[in-house]
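**Q** Dropping a structure here in structure tokens format, bear with me for questions.
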Amino acid sequence: NVLRLVAEGPMYHCENHAETTLVGNRRIWDGREYEISFRARWIAGSPQLHTRLTWNRLPRTTILDMPTQHGTPGARNSRYQPNIGPTFAGLQHAPIVPDEGQLVTVRVHATDPNGVAACRLWWSVDEAAWFSTSMSASNAWYSGTLPGAGAGQIVNFYVEGVDGLGATSCYPRTGRAGGALYIVQDNQVSPLPVHNVRVIMRPSDFAAMLAKANRTSDAYLPGTIVYDEATAYYDVGVRLKGRSSRRNESTGFRISFKADRLFRGVHAGVAIDRSGRWMGRFGGIDFNKSQEEILVKHIANRAGHIPSQYDDLIKVISQDASYSQSALLLMGRYARPYLQSLFDDDGDGSLYNFELVYYSTTTLGGGVEGLKDASQGAALQGFLIIDVEDLGLDQEYYRMHFQQQNARDRDDYSRIVDMARAFSLTQAQAAAVIGDIIDEDAWMRLFAFHSLIGIFDTYNFGGNHNMYFYVRPKDRRVLPFPVDMDWAFDHQVRATNAALYGGYNLQKIITLPRNLRRLYGHFLDIMARSYNMPYMGSWCTNYFALTEGYPARASCFTSNL
């Protein structure tokens, strides 16, 4: 038997991998020796094939043999077509969010070396029957009119063109399967002065994305993004955001834009973060899924020398109103453009995500061979947690805990191994070598910031994850980058008897006299620059005035300052 395996993205422990039981459902026992063998042939893409047993045991990456020559050198490319039909540009519909019963005009620019004979406009309402109408032409612009639809209904449309030789093509390219859609006014727009971002998908695709078996999939499904009710981005890719958070309804979305229609003309991808944590009740209001992370990043940006991004507060609007709420629009993140702006080395360093390794321990239907159920909360799932610690010299044992985010073809974990092994040394031993491996001042500034803010669910405070490590090329020193800081201002950390820093192996690095002095200095500097009421008080009021449904929260958070 032959299995053709196609990956939509890099392999992770929650998604993008294939699983099987062993013969006779045999159990794996620690302390026994096993031999794993397989036959594999490289077809395309990365030649790295990662294998392991459950709970990250016996990990191994095999580099599959590749032919010395790829493709069809000297011959015509296999994608060649003698006539591809008309090409299209500038698709637009108006009004962008029509009212109930309002007619909608669709326009597109169509050209072809053999001339454009005709264009037809096809549409379907809520995935019902398809209809079409001819489009009129004026200077290579073709236009057609769609009938009005009911409030909240989703209209899927595409253009089909025929050239002078009879060849046809569609825009979006996949026609009925494409992601050109609009929704009739559903009155979900925020009354507050924030950006509104609509995520519009076919109802069946939206339901499939949320299905238990698909929640951890990295496959993008087609859709349209409508920005501020005025700009439509067609045929974008949409999937759920995060890994462990995909198990519940706090998850957000990741959006991939077409190369010729970047978001705000810059971003090939953005994330919409709906998460946040339950903050309890204040004044009779449930502070659920709050967006206080915007405050955290503002404090970091004002203080300076703390890696952070400039996000936007938005209202994300979904066809399912339960997924519509105030959210963060994450742009840039720690991708190459951000790294290029931060360093003079073209952002060519390796970036790793320090994370727990999650495992689904239940299946849909309960059978051994069933699809894993990734919809359960962390308490019902298994996970591995480690410190930044010595796991040996074999980089395979670091791979799942320090997930490489870029330069994967480089597959270089050497500096992560150096850092982890140094963290396991005695304090005296670590003192002699750690300064050549990490940027101690950068680490002390970030963890002083985390302590002030009360970031609970991150390395050194509350959980060994939610941290990125970047290997700076110019000196190979490792820098810490903060991530996922929505669990902020936590009462468990900010109690009057809480420590200024956490434990784990990092404690022996922090408590070196030279680093304690740095840490205390950064406490004073951050408090003077941004973590104080004279500066942040008005910003707290401003940000929470832009967050729907939580008018009393500003006083709660300003009291923390």
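What the sequence shown shows, in my numbering, is residues 1140 to 1700, in sequence order.
From the three backbone atoms N, C-alpha and C, an ideal C-beta is built for every residue, glycine too.
May I have a chain-ordered list of the alpha helix (DSSP H) segments no shorter than 4 residues that lie completely inside the region 1607-1674?
**A** Runs of the alpha helix (DSSP H) inside the region 1607-1674: 1645-1649, 1652-1668.
**Q** For Trp1262 and Val1375, what's the separation of their Cα atoms in angstroms?
**A** Whole-angstrom Cα-Cα distance: 18 Å.
**Q** Buried or exposed for Leu1467, please, with buried defined as at least 16 other CB atoms from any protein chain shown within 10 angstroms of its CB.
**A** Classification for Leu1467: buried.
**Q** Taking buried to mean at least 16 other C-beta atoms within 10 Å of its own C-beta, is Val1141 buried or exposed?
**A** Per the 10 Å Cβ criterion, exposed.
**Q** Use the C-beta contact count for His1589: other C-beta atoms within 10 angstroms, 16 or more gives buried, fewer gives exposed.
**A** Classification for His1589: buried.
**Q** Of the residues Ile1525, Gly1601, Gly1602, Ile1648, which one's Cα is nearest the Cα of Ile1573?
**A** Of Ile1525, Gly1601, Gly1602, Ile1648, the residue nearest in Cα terms is Ile1648.
**Q** Within a Cβ cutoff of 8 Å, which residues of the same chain sit near Glu1239, ignoring the five residues on either side of it in sequence?
**A** Around Glu1239: Gly1287, Ala1288, Gly1289, Ala1290, Val1323, Gln1324.
**Q** Exposed or buried, Gln1208, counting other C-beta atoms within 10 Å across all chains shown (16 or more means buried)?
**A** Gln1208 should be labelled exposed.
**Q** Looking only at C-alpha atoms, which of Pro1225, Asp1367, Leu1523, Ala1570 sits nearest to Pro1311?
**A** Among Pro1225, Asp1367, Leu1523, Ala1570, the Cα nearest to that of Pro1311 is on Pro1225.
**Q** Return the chain-ordered list of same chain residues with a C-beta closer than 7 Å to the C-beta of Gln1543, the five sequence neighbours on each side being excluded.
**A** Contacts found: Ser1489, Tyr1491.
**Q** Our contact map puts Gly1521 next to Thr1500 with C-beta atoms below 8 Å; I'd like the distance itself, whole angstroms only.
**A** The pair is a contact, with the Cβ atoms about 5 Å apart (cut-off 8 Å).
**Q** For the region 1457-1545, which segments carrying the alpha helix (DSSP H) assignment without a break, of at least 4 residues, lie completely within its bounds, in sequence order?
**A** As far as the region 1457-1545 is concerned, its whole alpha helix (DSSP H) runs of at least 4 residues are 1475-1481, 1535-1538.
**Q** Could you check where the alpha helix (DSSP H) with Trp1582 kicks off and where it finishes?
**A** Element bounds for Trp1582: 1579-1592.
**Q** Please report the straight-line C-alpha distance between Met1675 and Ser1669, rounded to a whole angstrom.
**A** In a straight line, the C-alpha of Met1675 is about 7 Å away from that of Ser1669.
**Q** Helix, strand or coil: which one does DSSP assign to Asn1164?
**A** Helix, per DSSP.
**Q** From the DSSP secondary-structure annotation, give me the bridge partner or partners of Glu1299.
**A** Answer is Arg1259, Cys1309.
**Q** Is the separation between the beta-carbon of Arg1538 and that of Thr1200 shorter than 9 Å?
**A** A contact, by the Cβ cut-off of 9 Å.
**Q** Counting only runs that start and end within the region 1186-1237, where is the beta strand (DSSP E) found for 3 or more residues in a row?
**A** Whole beta strand (DSSP E) segments, 3+ residues: 1187-1192, 1196-1202, 1226-1233.
**Q** Starting from Arg1246, follow the beta strand (DSSP E) in both directions and report where the run begins and ends.
**A** Residues 1243-1250.
**Q** Taking buried to mean at least 16 other C-beta atoms within 10 Å of its own C-beta, is Arg1180 buried or exposed?
**A** Its Cβ having fewer than 16 others within 10 Å, Arg1180 is exposed.
**Q** So what's Gly1125 in DSSP terms, helix, strand or just coil?
**A** Residue 1125 is absent from the structure shown; the chain starts at 1140 and stops at 1700.
**Q** Could you tell me the alpha carbon to alpha carbon distance between Gly1471 and Phe1402, rounded to whole angstroms?
**A** Taking the straight line from one Cα to the other gives about 11 Å.
**Q** Look at Ile1592 and Val1617 and say whether their C-beta atoms are less than 9 Å apart.
**A** For Ile1592 and Val1617, no; Cβs fall outside 9 Å.
**Q** Please confirm if the region 1331-1338 is in contact with the region 1439-1457, defined as three or more CB-CB distances below 8 Å between the two stretches.
**A** They touch, by the three-pair rule.
**Q** What do you get for Ser1216, buried or exposed, if any count of 16 or more other CB atoms within 10 angstroms of its CB means buried?
**A** In the sequence as displayed, the identity of residue 1216 is Asn instead of Ser. When all chains shown are included, Asn1216 counts as exposed.
**Q** Take every Cβ of the region 1271-1282, pair it with every Cβ of the region 1355-1372, and state whether three or more of those distances are shorter than 8 Å.
**A** No, the region 1271-1282 is not in contact with the region 1355-1372.
**Q** CB Ala1346 to CB Lys1380, shorter than 9 Å?
**A** Against a cut-off of 9 Å, the Cβ pair of Lys1380 and Ala1346 comes out as no contact.
**Q** May I ask you to list the residues that DSSP assigns as paired with Thr1597?
**A** Answer by DSSP bridge pairing, in chain order: Phe1600, Gly1601.
**Q** For Val1405, which of helix, strand or coil comes out of DSSP?
**A** Three-state DSSP puts Val1405 in coil, outside helix and strand.
**Q** I'd like the span of the alpha helix (DSSP H) that includes Ser1553, first residue to last.
**A** Start and end: 1553-1562.
**Q** Do Asp1265 and Pro1361 have their beta-carbon atoms positioned less than 9 Å apart in this structure?
**A** Taking 9 Å as the Cβ cut-off, Pro1361 and Asp1265 do not qualify as a contacting pair.
**Q** Could you tell me the distance, in whole angstroms, from the CA atom of Asn1644 to the CA atom of Gly1404?
**A** Rounded to the nearest angstrom, the two C-alpha atoms are 44 Å apart.
**Q** Considering only C-alpha positions, which residue in the set Pro1149, Ser1465, Tyr1219, Gln1448 is nearest to Val1333?
**A** The option with the nearest alpha carbon to Val1333 is Ser1465.
**Q** For Ala1146, which residues of its own chain have a beta-carbon under 6 Å away from its beta-carbon, when the five flanking residues on both sides are left out?
**A** Answer for Ala1146: Asn1155, listed in chain order.
**Q** Taking its Cβ as the centre, do 16 or more other Cβ atoms sit within 10 Å of Val1247, making it buried, or is it exposed?
**A** Burial call: buried.
**Q** Could you tell me the alpha carbon to alpha carbon distance between Asp1526 and Asn1603, rounded to whole angstroms?
**A** In a straight line, the C-alpha of Asp1526 is about 6 Å away from that of Asn1603.
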